[in-house]
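Enquirer:
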Amino acid sequence: MNKAELKEFLDEKVIQYNNQDFIESDPVQIPHLFSQKEDIEIAGFLSASIAWGNRKMIIKNSHKMMELMGNTPYDFVMSHSDENLADLETFVHRTFNGKDFGGFIKGLQHIYKNHDGLEAVFAKNQEENSLQKSIHEFKKIFFEIDHLPRTQKHISDPLNNSAAKRINMYLRWMVRQDTKGVDLGIWKTISPASLSCPLDVHSGNVARKLGLLTRKQNDGKALAELDTKLREMDSQDPVKYDFALFGLGVFEGF
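All letters in the sequence shown, in the order written, are residues 1 to 254 by the numbering used here.
#1: So, helix, strand or coil for Ser-235, using DSSP?
#2: Helix, strand or coil for Asn-97? Go by DSSP, reduced to three states.
#3: Please report the Cβ distance between Lys-113 and Asn-125, rounded to the nearest whole angstrom; I am assuming they are in contact, meaning their Cβ atoms lie under 8 Å.
#4: Can the beta-carbon of Lys-13 be found less than 7 Å from the beta-carbon of Ala-244?
#5: Which partner residues does Glu-127 have in the DSSP bridge list?
#6: Evaluate contact between the region 191-199 and the region 68-80, counting only Cβ atoms and requiring at least three cross-stretch pairs below 8 Å.
#7: Ignoring anything shorter than 4 residues or poking outside the region 105-180, list the alpha helix (DSSP H) runs there in chain order.
#8: Roughly how far, in whole angstroms, is the beta-carbon of Asp-178 from the beta-carbon of Cys-197, given that I think they are within contact range, below 8 Å?
#9: By how many angstroms is the C-alpha of Tyr-170 removed from the C-alpha of His-115?
#10: Exposed or buried, what is Val-201 when buried is set at 16 or more other beta-carbons lying within 10 Å of its beta-carbon?
#11: Spatial neighbours of Gln-16 within its chain, please: CB distance less than 7 Å, with the 5 preceding and 5 following residues excluded, ordered by chain position.
#12: Answer yes or no: do Arg-166 and Ala-48 have a C-beta to C-beta separation smaller than 7 Å?
#13: Tell me the residue span of the alpha helix (DSSP H) that contains Asp-183.
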């Protein structure tokens, strides 16, 4: 396919997958459970943070996280007790355990109490066509307070050449505003043009088959290469193509 044909093909796949049917098999369903801004962004952040491995297990454990917080994530973050955090210690998703969960609750409280919330932190350090510095600075702020060293591995740092798939997916959920009903688009201070594709094994393999990516590792350098290609197809909303790449890989075995 030439460039025009490839864009037409991927645009069709975006339409096919970027609709409300997508939600029932994706962890994006978790923030959709809520209506208050802070509940949405906290529920989204926590579920995106455990979004690796089997998708059914991700969704099941994300629901469990919400239940452990009484299905009131913002209230739990802001007014939890030590006893409440002890109740989280039974939680486990792969290498993310109850101690990590408790550390994330404390980090989120710090963000809301001292830094005006998640949107403000990510918006503060955005650069033209990039939120990678924003993610780096967010991680520093998140772990300013006392924390277990092991918990740091659960937030990636793109300035250490990570593709930061989960946090880029979270930012897509919060920022994209396209009326299709999948991404929530509740953050108005960040442009969708600045988003990066949530690069994982599925989207990476499809991107290579389509000639959008030559680098073999799914790392920060690969993400920069893919982002450049996607921006050539749509500079204002490049990560809409995540739906096409992911859908082709997961649902079609492309």
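Ideal Cβ placement from N, Cα and C applies to all residues, glycine included.
Small disclaimer: the values here were computed from a predicted structure and weren't measured.
Expert: Per the coordinate set shown:
#1: coil
#2: strand
#3: Not quite, the Cβ-Cβ distance comes to about 19 Å (not below 8 Å), so this is no contact.
#4: yes
#5: Ser-130
#6: no
#7: 118-124, 132-142, 165-175
#8: That belief does not hold up - the Cβ atoms of Asp-178 and Cys-197 are roughly 15 Å apart, past 8 Å.
#9: 19 Å
#10: exposed
#11: Gly-247
#12: yes
#13: First-last for Asp-183: undefined, no H or E at that position.
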